[in-house]
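Residue numbers (full-length UniProt numbering): 1 to 341. Just so it is clear, CB atoms sit at the ideal spot from N, CA and C, and this is done for glycine as well.
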Amino acid sequence: MRDMDDGNNEEKMKLQPIVCYLCDWNGLFQDYPNHLVTIHAVELEDEDEQKHQSIPSQHSLPTSSVSNDERNISISALSGQLCAANDGTQRTKSQLLQNRQLVNATVEDLLHLKQATEETGASAKMFAINQQIFQQNITPLAEEINNRSRASYDGTLLWKITNVQENMMDAVSGKHPSIYSPPFYSSPNGYKMRMRVYLNGDGNAKCKYLSVFFVLMRGEYDAILSFPFNYKVTFCLYDQSNQRRHVIESFQPDTQSTSYERPRFDMNTASGIPNFISLETLRQPNNSYIRDDTMYLKIIVHFNDSPEAILHAIRHLNPSLPNHAQEFCANKEAEEKNKQS
Numbered sequence: 001m002r003d004m005d006d007g008n009n010e011e012k013m014k015l016q017p018i019v020c021y022l023c024d025w026n027g028l029f030q031d032y033p034n035h036l037v038t039i040h041a042v043e044l045e046d047e048d049e050q051k052h053q054s055i056p057s058q059h060s061l062p063t064s065s066v067s068n069d070e071r072n073i074s075i076s077a078l079s080g081q082l083c084a085a086n087d088g089t090q091r092t093k094s095q096l097l098q099n100r101q102l103v104n105a106t107v108e109d110l111l112h113l114k115q116a117t118e119e120t121g122a123s124a125k126m127f128a129i130n131q132q133i134f135q136q137n138i139t140p141l142a143e144e145i146n147n148r149s150r151a152s153y154d155g156t157l158l159w160k161i162t163n164v165q166e167n168m169m170d171a172v173s174g175k176h177p178s179i180y181s182p183p184f185y186s187s188p189n190g191y192k193m194r195m196r197v198y199l200n201g202d203g204n205a206k207c208k209y210l211s212v213f214f215v216l217m218r219g220e221y222d223a224i225l226s227f228p229f230n231y232k233v234t235f236c237l238y239d240q241s242n243q244r245r246h247v248i249e250s251f252q253p254d255t256q257s258t259s260y261e262r263p264r265f266d267m268n269t270a271s272g273i274p275n276f277i278s279l280e281t282l283r284q285p286n287n288s289y290i291r292d293d294t295m296y297l298k299i300i301v302h303f304n305d306s307p308e309a310i311l312h313a314i315r316h317l318n319p320s321l322p323n324h325a326q327e328f329c330a331n332k333e334a335e336e337k338n339k340q341s
């Protein structure tokens with residue numbers, strides 16, 4: 001810090017204005033020594049000689065020697081100061097240049113860091129967008145795979161409906177008036193179908209009955225299937241008590257309705273039984289159709305004519321048996337009933 005102060009003082013001294021006491025010359029201090037040497041060298045020698053002549057002879061020294069020495073010392077001192085000032089200036093300039101280079105390098109590093117940060121942020125943003133797009137694409141695919149893995153291909157579906165109370169409250173509030181079952185199929189290459197249930201009723205049955213509907217969906221093989229769809233549909237709500245008083249209702253599709261035409265969109269308009277079971281029954285504290293907040297609803301599409309006796313036999317079937325075994329038992333029971341009649 002002291003070196004810097006000395007350098008500053010020397011620099012200021014060099015730039016101080018000065019007036020020659022021997023003539024009218026004026027200029028900067030740094031140029032004065034040269035002025036004295038070139039213009040007033042003889043005058044300075046005479047002046048020194050006169051000064052020394054005024055001193056008594058016993059104390060006098062060789063005139064020319066003293067005058068020259070003093071002049072040389074003055075000039076040397078000034079030259080030394082000027083050289084020191086120049087050296088300080090050069091050191092200051094060098095330090096400033098180094099500082100400027102350091103600042104430029106730091107600014108360049110900061111610009112690179114900013115660019116890298118912006119590129120990283122852009123990459124992160126693009127990654128998030130791609131992840132969102134991937135999630136949007138994968139979710140329906142995962143649902144389709146899940147539905148396919150659990151799907152039935154024999155024209156029947158046993159649907160386990162969980163969180164019944166929550167779904168009922170959503171239906172009453174209008175948040176979710178209806179819920180859909182997973183799709184099921186008449187065969188691997190057949191019709192695609194599903195159930196739609198209004199837990200608080202639909203239309204005139206609203207707030208009075210639970211409504212169940214059949215939905216014909218657009219499938220991969222519709223181009224080679226027969227339309228309009230004309231197969232009887234049966235719904236069965238299981239009684240979970242030992243009494244097995246299942247609620248069973250059937251309907252025959254109206255072939256004039258657009259609900260049974262070949263689907264042009266993902267799903268046709270739902271059609272079925274609005275007054276399936278009264279809400280009053282389902283709201284009873286110990287009703288046997290809702291246990292552990294769960295209901296079991298089955299749909300059967302009859303691709304073969306089923307006599308009423310078979311529908312009656314469905315009440316006594318064991319759902320743990322394979323569908324073909326249940327159908328065999330139902331046919332057998334129907335035959336026994338026909339023999340008795």
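Whole runs of the beta strand (DSSP E) within the UniProt domain "MATH" (154-301), excluding any shorter than 3 residues | Every beta strand (DSSP E) stretch that sits fully inside the UniProt domain "MATH" (154-301) and reaches 3 residues is listed by chain position as 156-161, 192-198, 209-217, 232-237, 247-251, 271-278.
Quick one: what does DSSP say L28 is sitting in, helix, strand or coil?
-> In the three-state scheme derived from DSSP, where H, G and I count as helix and E and B as strand, L28 is classed as strand.
So, using beta-carbon positions, are K208 and S259 closer together than 8 Å?
-> For the 8 Å CB-CB criterion, K208 and S259 do not form a contact.
Presumed contact (8 Å Cβ cut-off) between P263 and D202, rounded CB distance = Distance from P263 to D202 at the Cβ level is roughly 20 Å; contact not present, criterion being Cβ atoms closer than 8 Å.
Cβ-based burial, F213 [other Cβ within 10 Å; buried from 16] = By the 10 Å Cβ count, F213 comes out buried.
Sub-8 Å separation of V197 and L210 beta-carbons | Taking 8 Å as the Cβ cut-off, V197 and L210 qualify as a contacting pair.
Would you decide whether L28 is buried or exposed? Buried here means 16 or more other CB atoms lie within 10 Å of its CB.
-> Counting other Cβ atoms within 10 Å of its Cβ, L28 stays below 16 and is therefore classed as exposed.
Through-space distance from L102 to E108, alpha-carbon basis = For E108 and L102, the distance between alpha carbons rounds to 10 Å.
Please report the Cβ distance between M168 and S181, rounded to the nearest whole angstrom; I am assuming they are in contact, meaning their Cβ atoms lie under 8 Å.
-> Taking the Cβ atoms as the reference, M168 lies roughly 16 Å from S181, outside the contact range of under 8 Å.
Do F235 and I273 have their C-beta atoms closer together than 8 Å?
-> In this structure, the beta-carbon distance from F235 to I273 falls below 8 Å.
Quick one: is V301 buried, meaning 16 or more other Cβ sit within 10 Å of its Cβ, or exposed?
-> The Cβ neighbour count for V301, taken over all protein chains shown within 10 Å, is at least 16; the residue is labelled buried.
Just the Cα atoms here: how many angstroms apart are H246 and Y238?
-> H246 and Y238: Cα-Cα distance of roughly 5 Å.
CB-CB under 6 Å to I299, same chain, minus the five flanking residues each way: which ones, in chain order?
-> If the five residues before and after I299 are omitted, its C-beta is found closer than 6 Å to the C-beta atoms of L157, M195, F235, all from its own chain and listed in chain order.
Determine which residues share a DSSP beta bridge with I18 and list them.
-> Per DSSP, G27.
Identify whether S123 lies in helix, strand or coil by the three-state DSSP scheme.
-> Helix at S123.
Smallest Cα separation from A270: which of V233, A151, Y296, Q284?
-> Shortest Cα-Cα distance from A270 to any of V233, A151, Y296, Q284 involves V233.
Cβ neighbours of N268 in the same chain (closer than 8 Å, five flanking residues each side left out) | In the same chain as N268, and ignoring 5 residues on each side of it, the C-beta atoms closer than 8 Å to its own belong to V215, L216, M217, T258, S259, Y260, E261, in chain order.
When DSSP labels each residue in this structure, what does F303 get in the three-state scheme?
-> It is coil, neither helix nor strand.
Is it the case that the Cβ atoms of Y151 and Y185 are separated by a distance below 8 Å?
-> Per the sequence shown, the amino acid found at residue 151 is Ala instead of Tyr. Contact flag set, yes.
In chain order, what residues of the same chain have a beta carbon less than 7 Å from the beta carbon of L111, not counting five sequence neighbours either side?
-> For L111, where only same-chain residues beyond five positions count, there are no Cβ hits under 7 Å.
Taking DSSP as the reference, what is the three-state secondary structure of A151?
-> Three-state result, A151: coil.
Alpha-carbon spacing of Y153 relative to E220, whole angstroms = CA-to-CA, the gap between Y153 and E220 works out to about 14 Å.
State buried or exposed for I138, treating a residue as buried only when at least 16 other CB atoms are found within 10 Å of its CB.
-> Result: exposed.
Nearest-angstrom Cα separation, counted from T106 out to P17 | Computed Cα separation, rounded: 41 Å.
Between the beta-carbon of N275 and the beta-carbon of T255, is there less than 8 Å?
-> Result no, Cβ atoms of N275 and T255 do not sit closer than 8 Å.
C-alpha gap between Y289 and S123, whole angstroms | Rounded to whole angstroms, the gap between the alpha carbons of Y289 and S123 is 55 Å.
Write down the C-beta distance between E11 and G88 rounded to the nearest angstrom, noting that I regard them as a contact closer than 8 Å.
-> So it is a contact: roughly 7 Å between Cβ atoms.
Mind checking whether V19 and N26 have CB atoms under 8 Å apart?
-> Against a cut-off of 8 Å, the Cβ pair of N26 and V19 comes out as a contact.
Note down, in chain order, each residue of its chain lying with its Cβ closer than 8 Å to the Cβ of P183, except the 5 sequence neighbours on either side.
-> Spatial neighbours of P183 in its own chain (CB-CB distance under 8 Å, excluding positions within 5 residues in sequence) are listed in chain order as N147, A151, K192, M193, R194, M217.
Excluding sequence positions up to five away, which residues of its chain have a Cβ less than 6 Å from the Cβ of A205?
-> Answer for A205: S211, P274, N275, listed in chain order.
Through-space distance from K14 to L61, alpha-carbon basis = The predicted model places L61 with a pLDDT of 42, which falls under 50 and marks its position as unreliable, so this point remains unresolved.
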